[in-house]
Amino acid sequence: MRIPFSVNRPVICAIMKLEQPYVIEWVAWHKLHGFDLMIADNCSAGPQSAVLQALRDAGWIRLVDWRHDTVLPQRRAYSYLYWQALLHGYRYLGFMDADEFLEPLDGPPWSGAELVRSLLSRPGVRSVAFRWVNFGSDGKEAYDDELVTVRFQRRGTHDAPTARWKKSFARVSSALRKALRDPGQFMPHPHGFRISLRRTLVDGMTLDKHPAAMPMEWKIGWIRHYAVKSRQELADKHARGGGFTPSSEAPSLDEYRVSRDQNDILDPLDDATVGALRAKVSEIVRSLDPAVIAQTRPLFTQRG
Numbered sequence: 000m001r002i003p004f005s006v007n008r009p010v011i012c013a014i015m016k017l018e019q020p021y022v023i024e025w026v027a028w029h030k031l032h033g034f035d036l037m038i039a040d041n042c043s044a045g046p047q048s049a050v051l052q053a054l055r056d057a058g059w060i061r062l063v064d065w066r067h068d069t070v071l072p073q074r075r076a077y078s079y080l081y082w083q084a085l086l087h088g089y090r091y092l093g094f095m096d097a098d099e100f101l102e103p104l105d106g107p108p109w110s111g112a113e114l115v116r117s118l119l120s121r122p123g124v125r126s127v128a129f130r131w132v133n134f135g136s137d138g139k140e141a142y143d144d145e146l147v148t149v150r151f152q153r154r155g156t157h158d159a160p161t162a163r164w165k166k167s168f169a170r171v172s173s174a175l176r177k178a179l180r181d182p183g184q185f186m187p188h189p190h191g192f193r194i195s196l197r198r199t200l201v202d203g204m205t206l207d208k209h210p211a212a213m214p215m216e217w218k219i220g221w222i223r224h225y226a227v228k229s230r231q232e233l234a235d236k237h238a239r240g241g242g243f244t245p246s247s248e249a250p251s252l253d254e255y256r257v258s259r260d261q262n263d264i265l266d267p268l269d270d271a272t273v274g275a276l277r278a279k280v281s282e283i284v285r286s287l288d289p290a291v292i293a294q295t296r297p298l299f300t301q302r303g
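Residues in the sequence shown are numbered consecutively from 0, following numbering that gives the first Met the number 0.
Following this line, the structure appears as structure tokens:
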């Protein structure tokens with residue numbers, strides 16, 4: 000256990016299941032942005048566990064074994080990850096998924112952790128959130144062994160319904176009182192914390208001036224959201240099921256595709272960003288056993 004709130008570097012926490020084709024890119028992206036990473040492994044079968052364990056052993060992530068929790072595990076895992084962040088001394092934490100990539104829109108490149116830290120350091124600010132920008136399938140039908148952020152270059156507009164959704168970071172101390180009241184399930188949903196709207200910034204503005212439904216252009220940062228990928232990958236994701244919403248309440252595959260497969264604007268990453276990301280991915284790959292790397296290929300490419 001470290002001194003509480005002594006680690007000034009924000010930590011991103013996530014729960015993952017069958018994400019072995021994508022996790023190295025996700026780790027590389029957020030390491031370039033200066034974050035620590037803590038992942039709960041929720042894969043009871045398949046190669047993801049070996050990949051995550053190798054990333055942990057090489058020092059890229061902290062790893063929590065969450066394979067025992069098989070029914071809507073996300074809320075309980077998030078609560079546990081919060082307590083782990085507190086025990087490890089983190090001052091700031093956020094929750095994201097393996098298909099989400101935080102990106103500042105202003106300031107120097109790869110400055111995501113600094114952006115989060117600077118916003119949460121403002122007097123009176125307890126939580127900060129960034130809105131989704133949804134990248135669609137661009138008509139692709141099947142998996143291709145290329146970086147997700149390079150494969151899919153077309154995105155939705157700022158006034159798309161899903162652009163109202165957010166992912167949040169918070170001061171660890173600001174969530175502590177509610178965590179003590181309900182240690183196992185105090186997270187209300189995957190998108191935010193139980194923190195006053197007056198104490199929360201969305202895209203750098205308070206919620207009373209920036210209602211969740213207000214269609215505005217992104218200003219200081221966004222969450223690149225690759226929920227769809229190719230048609231084949233989306234079908235596998237849908238079959239896997241969600242970690243928070245019961246299947247009886249979840250949208251159908253077609254409803255999910257219609258709401259998130261947004262391809263209005265061509266917006267590729269610039270060459271410098273792609274080059275830096277490829278270099279970081281290569282650095283991570285070199286640190287892992289080749290036998291583990293072979294397991295990052297998706298299981299569905301092996302179907303006869």
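We put the CB at the ideal spot given by N, CA and C, even for glycine.
Under 7 Å, do THR199 and SER117 count as touching if we go by C-beta distance?
-> no
Report yes or no: do three or more beta-carbon pairs, one from the stretch 252-262 and one from the stretch 163-179, lie closer than 8 Å?
-> no
Among VAL149, GLY58 and LEU104, the one whose alpha carbon lies nearest that of TRP217 = Residue LEU104 is the option with its Cα nearest to TRP217.
Quick one: any contact between the stretch 136-155 and the stretch 219-239, if contact means 3 or more CB pairs under 8 Å?
-> yes
Examine the Cβ distances between the stretch 59-68 and the stretch 31-50 and report whether three or more of them are shorter than 8 Å.
-> yes
Length of the line joining the Cα atoms of TYR77 and ARG130 | Cα to Cα, the separation comes out at about 20 Å.
Quick one: using the 10 Å Cβ neighbour count with 16 as the cut-off for buried, is ASN7 buried or exposed?
-> exposed
Tell me which same chain residues have a C-beta within less than 6 Å of the C-beta of VAL10, skipping the five on either side of it?
-> ASP35, MET37, ALA84, TYR89 and LEU92
Rounded to whole angstroms, what's the CA-CA distance from PHE243 to PRO72? Just pull it up for me.
-> Here the model assigns PHE243 a pLDDT of 47, short of 50, so the residue's position is not dependable, and the following value carries that caveat. Each residue's alpha carbon lies about 7 Å from the other.
Boundaries (first-last residue) of the alpha helix (DSSP H) holding ASP235 = 230-239
In terms of residue numbering, what span does the beta strand (DSSP E) encompassing ARG130 cover?
-> 126-133
Opposite VAL227 in the DSSP bridges: which residues?
-> Its beta-bridge partners do not exist; DSSP assigns none.
Excluding sequence positions up to five away, which residues of its chain have a Cβ less than 7 Å from the Cβ of GLN294?
-> Excluding positions up to five away in sequence, the list reads GLN19, PRO46, ALA49 and VAL50.
Is it the case that the Cβ atoms of VAL22 and TRP59 are separated by a distance below 7 Å?
-> no
Over what stretch of residues does the beta strand (DSSP E) that includes GLU102 continue unbroken?
-> 99-103
What alpha helix (DSSP H) runs, 4 residues minimum, are completely inside the stretch 15-80?
-> 22-31 and 47-56
According to the neighbour-count rule (16 or more other Cβ atoms, all chains shown, within 10 Å of its Cβ), is ALA128 buried or exposed?
-> Buried, by the Cβ-count rule.
Going by beta carbon distance, what residues of the same chain come within less than 6 Å of LYS177, once the five residues before and after it are set aside?
-> By the criterion of a C-beta distance shorter than 6 Å, LYS177 is surrounded in its chain by PHE185 and ARG193, once the five residues flanking it on both sides are discounted.
Within 7 Å, strictly: CB atoms of GLN52 and GLY155 = No; because the gap between Cβ atoms is not below 7 Å, this pair is not in contact.
Nearest neighbour of PRO108, chosen from SER281, ARG285, ASP96 and ALA271 [CA to CA] | ALA271
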